[in-house]
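Which chain is which? The protein sequence lines are D and L, in order.
So the first sequence is numbered by numbering that gives the first Met the number 0: it starts at 0 and just counts up by one.
So the second sequence is numbered by numbering that gives the first Met the number 0: it starts at 0 and just counts up by one.
2 protein chains.
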Amino acid sequence: MSFLSWMPQALKMSQAEIIQHAGLDSAVYLRIYILGLKIFLPLTITALLVIIPVNVSGGTLLDLKKEIVFSNIDKLSISNVRPGSERFWVHLFMTYLFTIWTCFMLYREYDNVAFMRLHFLASQHRRVEQFTVVVRNVPRSGNSISETVDHFFQKNHPDHYLGHQAVYNANKFAKLVKKKERLQNWLDYNQLKFERNPEKRPTKKVGFLGLCGERLDSIGYYKQRISEVEKRMECERQRILRDSKAVLPVAFVTFDSRWGAAVCAQTQQSRNPTHWLTDWAPEPRDIYWKNLAIPFVSLSIRRFLMSISLFALVFFYMIPITFVQSLANCLEKVAPFLTPVIELKLTKSFLQGFLPGLALKIFLYILPTFLMLMSKVEGYLSLSALERRAAAKYYYFMLVNVFLGSIVAGTAFEQLYYFLHQPPARIPRTIGVSIPMKATFFMTYIMVDGWAGVAADILRLKPLVIYHLKSMFIVKTDRDRQKAMDPGSIGLAKNLPTMQLYFLLGLTYAVVTPILLPFVLIFFIFAFLVYRHQIINVYNQDYESAGAFWPHVHSRIIASLLISHLLLLGLLSTKKAAYSTPLLLVLPLFTLWFHKYCKSRFESAFQKYPLEEAMEKDAMEKASEPDLNLKAYLADAYLHPILQITVGDGEMEEVRVDKNRTGVCSQQ
Amino acid sequence: MSFLSWMPQALKMSQAEIIQHAGLDSAVYLRIYILGLKIFLPLTITALLVIIPVNVSGGTLLDLKKEIVFSNIDKLSISNVRPGSERFWVHLFMTYLFTIWTCFMLYREYDNVAFMRLHFLASQHRRVEQFTVVVRNVPRSGNSISETVDHFFQKNHPDHYLGHQAVYNANKFAKLVKKKERLQNWLDYNQLKFERNPEKRPTKKVGFLGLCGERLDSIGYYKQRISEVEKRMECERQRILRDSKAVLPVAFVTFDSRWGAAVCAQTQQSRNPTHWLTDWAPEPRDIYWKNLAIPFVSLSIRRFLMSISLFALVFFYMIPITFVQSLANCLEKVAPFLTPVIELKLTKSFLQGFLPGLALKIFLYILPTFLMLMSKVEGYLSLSALERRAAAKYYYFMLVNVFLGSIVAGTAFEQLYYFLHQPPARIPRTIGVSIPMKATFFMTYIMVDGWAGVAADILRLKPLVIYHLKSMFIVKTDRDRQKAMDPGSIGLAKNLPTMQLYFLLGLTYAVVTPILLPFVLIFFIFAFLVYRHQIINVYNQDYESAGAFWPHVHSRIIASLLISHLLLLGLLSTKKAAYSTPLLLVLPLFTLWFHKYCKSRFESAFQKYPLEEAMEKDAMEKASEPDLNLKAYLADAYLHPILQITVGDGEMEEVRVDKNRTGVCSQQ
């Protein structure tokens, strides 16, 4: 019983409480599952009550029974309806109904989330990012960067400019911080060892890898090294804060009102549109500091190269794995003396059987990390934007390699070749025809990947395994253990695309093989409960983007609708239902228009900050706190976090704790 | 000799003088021809010196002489090179060279035009549109529109808001104005008649079409009618200015500084992004008044429907013309009693031979007007935007029906069918192969359409014919004659796409059949001279958009480059030059990146107004004219032009003349 005891608790908390407890991102993330339920519950009921009886009584397959082997599921699918049958009118009507219902739900939910976002931003207490704009590509002139920034904004925003925070090139300092942490960890470890075994003071050889050299007392040695590093850190810190060359051509510009910041973030500043690029500053903990100072041309080249790389990755990722497969042959050719070893049964089965599978698993395991790395190269400024970009990349990968790859057999590369050498009009037909045949596969997929994946998440199997692996090999001190136990955040980069795939499957099969819908529905119910629980009890929130990922969710579901229409069009065109083509062509056009409309209606709520809102908040604040010292409030908000750490052990801990606390406070 | 006497004069004027005389739009328009010269002069020379010798000495066709009939031009083209020959390296190298040169020139010219635009805007004297923002979709609340607007902007732009000008629904008034003009024209005609023939006072029957009813003295009758209409106009005018229901939910909001207007135009005002849409106000004479009050949803539906219509128009325009062709048959079926008439040789040849051709001619003649109408339905606010949209539509039409239509035989509808049923990889190949074969056709096309068209323009043949037709049938008074003689403006909607087609032809054939290049080059030289002359001496400028069409020109030339790469790729893949494919795939990728880079580098100069610039101009003005009464200056700038006409004949003329004069003044 206690196995399911978390469920009622997970359901008790209200949405407002979740927002307060875990941030708006988490609440909006849960709304995706609610959207899934809202879309698929009526769809499932209608489809089971209407389409399945129509399909079952269609009776083509019953006639062919003796010739073709078919599963029972096919009896329930559209394949069971005789070509040219009048029954396809039912399917057509249901497609219209489903599309309109989905669009209606999408519209309501977009409206709802946009409202939640605006309300959240409006009801928040004062936050530094409301007054701050990040300025990139400050042109180098004779003066220092700071003087240039001051002069420019005093001239062009005279009424609202307050000050700015320079961004320092702290790479060297960051390295020292890391080094100190490592040394500190070794010191703690040795002190622990000494406490447990007070007779024997731990010692250490100081030479190469601790293998040779003089043997010294470890605790004394590490203490001395740490104080050395601390001295160097202090020097470096002073150098950075003083040296004008360490200032990057980027700045966080603060204004005396939300209105001033909103104006600066949304307008073009300079004649040369590649200089003085202004944008909203992400909240301090959301900033990815390394990407702040990428020049404009480099950014443009990076994004271009990354989009080519993504294309290559999606379509040609099988090539290195195929190479691993043929490794045995290659080895024999390159190093003939190894032949006897390779020809051993064990080696051969390892090289040809186990290794390629392992390579594929490893590849899929590191893929999200790799995609995140690609997004980082693209130069986005905030962690939230990086996660969204990585999620988009993962979605393309899944769409091509899981969805299309399962329907059209063969690797993505073969598919690409196939699509290039098939008439465009025939592609939806070929895919459409094989859609009903793959229903069983996708049902299994939903169970294995979806249900089991969610179950593994509630049991936290993967983190458990990794934690134990880590505590076996890495963990030496409490600090290490704490690090290893950090549950992390929701992991949008991987979870969003996975979920979007289920939307795609559900919408594609809704009319074709409705028996798949309950599987999708169960996934959404189960995942909703589990993630609600995890968000409330397990995950930490790294940043708050106020639901900035919703437009992506919306447009991916729209894309799923479009794909489902095209595939149904292809499928019905082989079923001698000629009347369906023009009627089905209307649907994607309607969906496209709907998408455009929603975009212009809601998207700006996720990108811009209306002046009306800013003015209102400013006025309220002025009335309630007339003598607020904003300048002091904003002074060091955007100092590089590493530079905020003052040297000295105890203090460092304190500053960190403080930081976390303010982070939590400002969410509430 | 006097035939060419206009030429030296056309070359004498400097660019600065042209800008002063005819506006920046005209000067930028001429720069397109200069860009054509800069791109194609080196291309022509290099191609003639390098590619033609390589092609001529290739010698496949010489071997096949007896079997295939080929023209001499084919000897100079790439068809003459043996498949699998090493000579294709030369073509490959030249493609790279040409692409890089074209991109280099495009970059320089974009830079140049963007600079010209910014300089023009900066060096202009004070203009009303610099201080004005058009606000659309003002939400209806309990108060009147004027109060709502005042309240909203006083609240959200307290430091810079000056006032606003309401927009009135003046449709009824406009009808009265037209009616009065018609009556006035008849009065003038009758007075003229009476002056010439003083013995006989002209009379008129007042009944249906002047055929029946009482016979009255014409001059008295028209005078009385005019005074009646004038009274109604005055009533209507008062009603409009007073009635709050005649105020549309649109306003021209004026600010006390360019900075304030720039901020308001570039930011989002309201929480609901479909309300309070702000944008730069076009200059008063550029406004298309009818489109100001289209609600948001309607706009979204209109644009969507228009894009579907454009698709239908481009691909299915032949259907009604084919219907005309089969008119004879239809008539016989519908009305069998007409059969003897239809079977007459004369009728039959008219119905089947002359009528379809005439229908096609009429269709092509009214096409630009029709496309303009479609753009008007799309709801753009300014005449300049309407012309740009119409030009884009015409370009798509030309690209599909002239360029592709000439290469792939058959109607656009057949082509669409063909493209949908061909593998995508084979399409560039099929088109690429037929490219060299069509060189002769396009050379003729350039001569007939390009050279002759330009020559007709300098002789102003078409306006001459139309003028004489008009003066035969319509012109009755001096006013009519003046109207008929108005030379109009450059006609961007038709000239831009035509020119872009020549860029496409030149770039496509540069490597394939270089002998076509001199024809393109001559077109650009000739057209440059002619349009320079026309702009200086003939055309009137309707509005000034400060070269807002350049981004379109740039992206169409980029599209031409991409098309040329794809076609060359297809062509070479049939020539057994396998090494070329990967090398040629790099080029479109590079071109795309270049386009993206240019877009982010320059496009904002055509859409936004940098705050730096605004601030500088404001400061300068404040220094030079400290006690300027801006409010009075801006008071009636954006009153509907019809309402500016005060009733009464003489005055009306004066107001009009004044308007023209101020228009001319503000250009200088």
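Quick reminder that beta carbons are idealized off the backbone N, C-alpha and C, glycines included.
- By the neighbour-count criterion, in which 16 or more other beta carbons inside 10 Å mark a residue as buried, Y578 (chain D) falls on the exposed side.
- A residue is called buried once 16 or more other Cβ atoms fall within 10 Å of its Cβ, and K37 (chain L) is buried on that count.
- Chain-order list of chain L residues neighbouring W592 (chain D): F303, by C-beta distance under 7 Å.
- Unbroken alpha helix (DSSP H) stretches of 4 residues or longer found wholly inside the stretch 173-246 of chain L: 217-241, given in chain order.
- The beta-carbon distance between L363 (chain L) and S374 (chain L), rounded to whole angstroms, is 18 Å. This is too long to meet the 8 Å contact definition.
- Nearest CB-CB separation between T266 (chain L) and chain D: below the 8 Å threshold.
- Taking C-beta separations shorter than 6 Å and ignoring five residues to either side along the sequence, the partners of V453 (chain L) in its chain run F525, A526 and V529, following chain order.
- For a Cβ distance threshold of 7 Å, nothing in chain D lies close to N290 (chain L): the least Cβ distance comes to about 17 Å.
- Residue state for Y167 (chain L) is assigned as strand, using DSSP reduced to three classes.
- Within the DSSP secondary-structure output, R135 (chain L) pairs in a beta bridge with L:L276.
- D149 (chain D) does not reach chain L, its nearest Cβ partner there being about 15 Å away, counting only Cβ pairs nearer than 7 Å.
- Contact between L582 (chain L) and L91 (chain L) is confirmed by a C-beta separation of about 6 Å, below the 8 Å threshold.
- Contact with chain D is found for S299 (chain L), since one of that chain's Cβ atoms lies less than 8 Å from the residue's Cβ.
- Using a Cβ-Cβ cut-off of 8 Å, R600 (chain D) counts as an interface residue toward chain L, since at least one Cβ of chain L sits closer than that to its own.
- Interface residue (Cβ-Cβ distance to chain L less than 8 Å): L588 (chain D) is classified as such.
- For a Cβ distance threshold of 9 Å, residue set D158 of chain L lies close to D158 (chain D), ordered along the chain.
- Interface residue (Cβ-Cβ distance to chain D less than 8 Å): M614 (chain L) is classified as such.
- The contact set of E611 (chain L) on chain D, defined by CB atoms closer than 7 Å, consists of N155, Q268, S269 and R270 in chain order.
- Residues F87 of the same chain have their beta carbon placed closer than 6 Å to that of A576 (chain D), with the five preceding and five following residues left out of the count.
- Three or more beta-carbon pairs separated by less than 8 Å are not found between the stretch 584-603 of chain D and the stretch 147-154 of chain D, which leaves the two stretches without contact.
- If only uninterrupted beta strand (DSSP E) runs of at least 3 residues are considered, none is enclosed by the stretch 375-460 of chain L.
- Under the 10 Å beta carbon count, R195 (chain D) is surrounded by fewer than 16 other beta carbons and is classified as exposed.
- Distance check between L191 (chain L) and each of L:D477, L:S603, L:E611 and L:Y542 places L:D477 closest, using alpha-carbon atoms only.
- Measuring C-alpha to C-alpha distances from H594 (chain D) to each of D:L633, D:L570 and D:H551 identifies D:H551 as the nearest.
- Assigned with DSSP and collapsed to three states, I524 (chain D) falls in helix.
- For L458 (chain D), the closest C-alpha among the options D:T346, D:I426, D:T512 and D:H532 is that of D:H532.
- The Cβ of L117 (chain D) sits closer than 8 Å to at least one Cβ of chain L.
- Counting only the Cα atoms, S306 (chain L) lies some 36 Å from H274 (chain D).
- For the stretch 414-445 of chain L, the set of positions with a beta-carbon nearer than 8 Å to some beta-carbon of chain D reads F418, L419, H420, Q421, P422, P423, A424 and R425 in chain order.
- Non-local beta-carbon contacts of K616 (chain L) in its own chain, meaning distances under 6 Å to residues more than five positions away in sequence, involve R257 in chain order.
- The beta carbon of S603 (chain L) sits closer than 8 Å to some beta carbon of chain D.
- Counting along the chain, the unbroken alpha helix (DSSP H) around L591 (chain L) starts and ends at S579 to F601.
- The beta-carbon of A261 (chain D) is placed less than 8 Å from the nearest beta-carbon of chain L.
- Three or more Cβ pairs closer than 8 Å define a contact, and the stretch 235-248 of chain L falls short of that threshold against the stretch 119-127 of chain L.
- Annotation for H118 (chain D): the continuous alpha helix (DSSP H) segment containing it runs F87 to S122.
- If one requires a minimum length of 3 residues, no beta strand (DSSP E) run lies completely within the stretch 289-334 of chain L.
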